[in-house]
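Have a look at the structure below, then the notes.
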Amino acid sequence: MLEMLNLSSFGAFHTLIALVAVACGIVALVRHGTLGTRTGSGLAYVLLTVATSVTGLFIFRHGGFGPPHALAIMTLVALAIGFGAERRAGRSGPAAYVAALAYLITLFFHLIPGLTETGTRLPLGSPAFTGPEDPMLKLCVGIGFAVYLVGAAWQVARLRHARQTPLGAPIS
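Its first residue numbered 52, the sequence shown is counted upward by one per residue in this note's numbering.
Encoded structure:
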């Protein structure tokens, strides 16, 4: 099966880590309304996203260093910013916004190679996209970015509400 998908064992391992990371991220957002290391699912998301980015740096399917490697580095930088801000943030304040938005952009970053790699391999024999420059793929990534912007606005609104909620009161 891996040969049919033009996927190495290491590539399959990398993909599995990424899929579990995304699942943990979705669980964290649904259960806790945010990503970060303060919940089990959020911590799993962050750690697995680090693992996904690091393993991605060792995949050279198209030759040397390329856009996927740059995206992996950008993801690691965003995670570092999110982690640093999370450590400085209380329940509110500028650092809380930075942490929420930095972690959230990494979920969007997962979408880009996810759509690209899946869409250029499946369905077998007639992939959905011809390659990274396919206009439909670019449209799908654009829609994903629009969803990220909506999610970012929701995160900001949620944090603003938390800032106005007295300490000890539940945050909706």
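Backbone N, C-alpha and C define an ideal beta-carbon position, used for all residues, glycine too.
From a predicted model like this one, the values you see are computed outputs, not experimental measurements.
Three-state secondary structure (DSSP) of residue i
i, result
"residue 134", "helix"
"residue 206", "helix"
"residue 98", "helix"
"residue 107", "helix"
"residue 60", "helix"
"residue 169", "helix"
"residue 119", "helix"
"residue 112", "coil"
"residue 76", "helix"
"residue 89", "coil"
Nearest residue (CA-CA) to residue i, options the options
i, options, result
"residue 129", "202, 159, 177, 186", "159"
"residue 104", "127, 177, 114", "127"
"residue 109", "59, 98, 169, 156", "59"
"residue 157", "213, 63, 196, 61", "196"
"residue 191", "177, 169, 148, 204", "169"
"residue 95", "113, 187, 70", "70"
Residues of its chain near residue i, where Cβ-Cβ distance is below 6 Å and the 5 sequence neighbours each way are ignored
i, result
"residue 83", "90"
"residue 215", "none"
Cutoff 7 Å; reference residue i; Cβ partners in own chain excluding five residues on either side
i, result
"residue 151", "85, 206, 210"
"residue 201", "none"
"residue 182", "171"
"residue 173", "179"
"residue 80", "86"
CB contact check: residue i to chain B, cutoff 8 Å
i, result
"residue 184", "Of the protein chains in this structure there is only one, and it is not chain B."
Cβ neighbours of residue i in the same chain (closer than 8 Å, five flanking residues each side left out)
i, result
"residue 101", "127, 130"
Taking 8 Å as the threshold, find out whether the region 69-76 comes into contact with the region 128-145 through three or more Cβ pairs. Segments in contact, no.
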